[in-house]
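Following: one structure in structure tokens, then a few remarks.
Residue numbers (this note's numbering): 262 to 396.
Okay, here's the thing in structure tokens:
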């Protein structure tokens with residue numbers, strides 16, 4: 262399965278999805294004007310990955326900011342991951358990195374709405390590596 266890697270822009274996050282590593286990462290800001298253009302490839306990749314996930318899947322969300330359209334997309338994405346969460350053959354780790362109370366509260370809301378356990382990690386937003394050459 263192909264790795265998915267999209268460079269961050271001022272309005273869209275860095276997206277890194279690597280099936281061989283069982284890794285899904287979204288980092289940065291998400292306020293795209295055309296939300297489908299940014300996230301349809303993500304959902305397509307996830308659908309393919311769910312047919313043969315790794316024994317452990319790690320998801321890292323590290324947002325500086327996202328808009329209400331992205332909130333809906335993230336809820337949909339997290340709900341898709343319920344397939345892994347409910348499977349006894351696979352493990353799902355969701356890391357919600359945050360640097361302010363607003364982002365922490367969003368993560369807590371997603372955790373409550375889905376019933377999945379999140380790891381909340383306080384992080385300095387400057388820690389994010391946006392250089393796609395490092396992925």
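Every residue, glycine too, gets a C-beta built ideally from N, C-alpha and C. Computed from a predicted model, the values in this text were never measured in an experiment.
Opposing strand residues paired with residue i [DSSP bridges]
i	result
residue 290	326
residue 285	278, 320
residue 383	359
Environment of residue i [buried if 16+ CB atoms lie within 10 Å]
i	result
residue 387	exposed
residue 366	exposed
residue 383	exposed
residue 335	buried
Host beta strand (DSSP E) of residue i (start-end)
i	result
residue 356	352-359
residue 265	265-267
Pair within 9 Å by beta-carbon distance, residue i and residue j
i	j	result
residue 283	residue 333	no
residue 272	residue 324	no
residue 358	residue 345	no
residue 393	residue 268	yes
Extent of the continuous alpha helix (DSSP H) to which residue i belongs
i	result
residue 305	296-311
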